[in-house]
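First comes the structure, then the notes that go with it.
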Amino acid sequence: MTRPIRFPSNFLWGTATSAYQIEGSPLADGAGHSIWTRFAATPGRIANGDTGDVACDHYRRWRDDVALMRQLGMKAYRFSIAWSRILPQGTGAVNEAGLAFYDRLIDELLANGIEPMVTLYHWDLPAALDDRGGWLNPDIADWFAAYARIVFDRYDDRVRHWVTLNEPWVVTDGGYLHGTLAPGHRNAYEAPIASHNLLRAHGAAVQVYREIGRHQIGLVVNIEPKYPASDAPEDVAATRRADAYMNRQYLDPVFLGSYPAELKEIFGPAWPDWPARDFDLISQKLDFIGINYYTRNVCRHDGANWPLQVAPVRQPQATYTETGWEVFPQGLTDTLVGFKRRYGDMPVYVMENGSAFYDPPQAAHGRVHDPLRMDCLRGNIAALAAAIEQGVDLRGYMVWSLLDNLEWSLGFAKRFGIVHVDFATQRRTPKDSALLYARIVASNGACLDEDIGNDIANDS
Ligand code: PNW
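Numbering-wise, this note's numbering puts 323 at position 293 of the sequence shown, and it's gapless, one number per residue.
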């Protein structure tokens with residue numbers, strides 16, 4: 031390591047999860063169905079027939095899970111609220127038992143010195159709202175704002191970091207364009223409408239927060255930097271389309287007040303003309319931006335690939351994770367520096383970053399060796415330090431994920447946790463990557479200057 035690694039003294043180090051992926055008991059205590067309980071009950075939608083009915087049983091084991099975070103020295107925890115626990119029908123009657131669950135969790139986190147960071151929407155739309163059109167119904171901005179008001183009213187005295195939506199791109203691309211995620215539609219006419227209503231709902235919730243909230247609110251987007259496979263004009267144009275579709279589709283309207291021109295090119299007749307006033311709603315001022323980073327994409331033109339006409343180019347020298355994502359820490363620095371360049375200086379949190387690897391089943395001996403995940407963690411944290419050095423106002427970093435959990439339609443087989451979960455017994459075992467991360471957190475990143483972690487991997 032050539033330069034010393036430095037992080038701000040109040041840097042928020044933590045982990046992230048989401049409700050449907052870890053909680054289990056999705057219908058307990060009066061909660062309603064979500065599009066994910068439905069999707070999971072539809073044969074063939076989730077690998078291996080897995081569901082979130084039990085998941086990590088966090089709904090009952092939350093106290094132990096907070097104790098585990100404390101043991102690892104975590105400073106923050108990002109989780110999401112299940113809308114259908116609070117409003118079983120999505121609108122209307124409030125379910126007090128659902129509110130009480132998150133009260134207990136928030137209080138326990140604070141009692142253990144862990145900062146709660148709360149996401150309002152991490153993909154589990156109440157099924158009753160899907161029956162009314164879900165993200166395709168423009169009324170959803172009002173439904174979401176009403177839900178947000180209830181949640182802000184209840185918890186804003188204790189929660190200082192709020193996120194409206196997690197990854198609108200994934201909600202739309204998986205849920206409405208390619209059909210791989212709930213609600214499983216595959217329709218190029220629906221996708222732009224769903225995206226637009228997600229952004230309107232985000233803006234409406236921020237407006238409510240400005241009225242009644244006292245702390246910080248932001249949006250979380252997944253960013254995958256795009257690099258051209260060659261300097262041939264068609265590859266460069268393909269790269270621009272991919273970046274516009276995945277990255278700028280959300281950030282441009284929020285921060286610059288309009289969509290990238292490439293979207294019309296991509297969607298053709300399916301791209302609507304939007305009313306100008308919508309952009310006033312969408313572009314509410316935010317207190318921070320949350321960025322999820324997993325991988326990069328090298329792009330080439332491919333006319334056969336619907337609808338983007340872009341194909342990914344595999345890198346022969348690279349390591350790929352179990353979800354097929356290239357390990358590329360430099361992309362995290364590029365993403366953070368690139369954000370600042372295009373949208374300006376503002377507080378940034380990396381709200382998710384992690385990797386799925388096959389972990390050899392050694393948990394029975396009390397250890398799980400995950401050297402590849404450790405390498406990723408080291409590389410990514412060095413990439414954060416490089417971004418800070420280049421002037422990025424980075425305030426925190428959340429590892430995805432605290433626990434192995436339900437990786438949506440890929441089921442439980444893809445493990446992102448730094449803590450191993452034996453789903454038969456619910457036993458939790460911190461992997462070597464968790465021990466490494468605990469040291470990184472305890473030293474505020476400085477231990478990365480040393481040849482950290484080799485002893486962890488060797489002292490089995
Ligand atoms: C995120 N992509 O999803 C989600 O926020 C998590 O719930 C999920 O478990 C985690 O990343 C790992 O997948 C993504 O295709 C899904 O670029 C897909 C993409 C990015 C993020």
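For glycine and all other residues, C-beta sits at the position ideal for the given N, C-alpha and C.
| Query | Result |
| --- | --- |
| Proximity test, Gln314 beta-carbon vs the ligand PNW heavy atom, cut-off 7 Å | no |
| Cutoff 7 Å; reference Ala274; Cβ partners in own chain excluding five residues on either side | Pro290, Glu292 and Leu293 |
| Beta carbon of Ile65 nearer than 8 Å to that of Ala212 | yes |
| Those residues which DSSP pairs with Gln246 across a bridge | His191 |
| Nonlocal neighbours in the same chain, by C-beta distance under 8 Å from Ala412, ignoring five residues either side | Met31, Ile35, Pro359 and Leu478 |
| beta-carbon Ile288 near the ligand PNW non-hydrogen atom, thresh 7 Å | Ile is not the amino acid found at residue 288; the sequence shown has Ser there. False, no ligand heavy atom lies under 7 Å from that Cβ. |
| Nearest to Ala234 (by Cα), restricted to the options Leu98, Ala416, Arg330 and Pro168 | Pro168 |
| The region 111-120 contacting the region 147-166, beta-carbon criterion three pairs below 8 Å | yes |
| CB-CB length for His8 against Met147, believed under 8 Å | The chain is shown only over 31 to 490; residue 8 falls outside these bounds and no answer can be derived. |
| Contact under 8 Å by Cβ, Val378 with Val422 | yes |
| Secondary structure of Thr67, DSSP reduced to three states | helix |
| beta-carbon Phe41 near the ligand PNW non-hydrogen atom, thresh 7 Å | no |
| Cβ neighbour criterion (16 or more within 10 Å) applied to Ser225 | buried |
| The region 130-143 touching the region 169-189, judged by at least three CB pairs closer than 8 Å | yes |
| For Val378, the first and last residue of its enclosing beta strand (DSSP E) | Val378 to Glu382 |
| Identity of the residues DSSP links to Leu433 by a beta bridge | Val449 |
| Beta-carbon spacing of Phe442, Met376 below 8 Å | no |
| CB of Val251 within 8 Å of CB of Ile170, strictly | no |
| Bridge-paired residues (DSSP) for Gly264 | It is Glu, not Gly, that sits at residue 264 in the sequence shown. DSSP lists no partner for Glu264. |
| Status (buried if at least 16 other CB within 10 Å, exposed otherwise) for Glu382 | buried |
| Assigned exposure category for Val284 - 16 Cβ within 10 Å defines buried | buried |
| Cβ separation of Arg403 and Ser431, assumed to be a contact under 8 Å, to the nearest whole Å | At roughly 11 Å, the Cβ-Cβ gap does not stay under 8 Å, so Arg403 and Ser431 are not in contact. |
| Any non-hydrogen atom of the ligand PNW closer than 7 Å to Gln246 Cβ | no |
| Distance cut-off 7 Å: Thr210 Cβ against heavy atoms of the ligand PNW | no |
| Ranges of the beta strand (DSSP E) found wholly within the region 211-259, counting only runs of at least 3 | 246-252 and 256-258 |
| Heavy atom of the ligand PNW within 7 Å of Trp438 beta-carbon | yes |
| Of the listed residues Gly214, Glu352 and Asp265, nearest to Gly74 (C-alpha basis) | Gly214 |
| Whether Ala221 touches Thr202 by CB criterion (8 Å) | yes |
| The ligand PNW heavy atom lying under 7 Å from the CB of Thr353 | yes |
| Ala348 versus Asn40: straight-line alpha-carbon distance, rounded | 34 Å |
| Cβ-based burial, Ala288 [other Cβ within 10 Å; buried from 16] | Checking the sequence shown, residue 288 turns out to be Ser, not Ala. Its Cβ having fewer than 16 others within 10 Å, Ser288 is exposed. |
| Neighbourhood of Val343 by C-beta distance below 8 Å, restricted to the same chain and skipping five residues each side | Ala259, Val328, Cys329 and Arg330 |
| Pro305, DSSP secondary structure in three states | coil |
| Distance cut-off 7 Å: Glu492 Cβ against heavy atoms of the ligand PNW | Nothing about residue 492 can be read from this structure; the chain reaches only from 31 to 490. |
| Neighbourhood of Ala218 by C-beta, 7 Å cutoff - its chain only, sequence neighbours within 5 removed | Leu207, Phe297, Ala300 and Pro337 |
| Buried versus exposed call for Gln573 [16 or more other C-beta atoms within 10 Å across all chains shown] | Past the boundaries of the shown model lies residue 573; the chain is included only from 31 to 490, so the question cannot be answered. |
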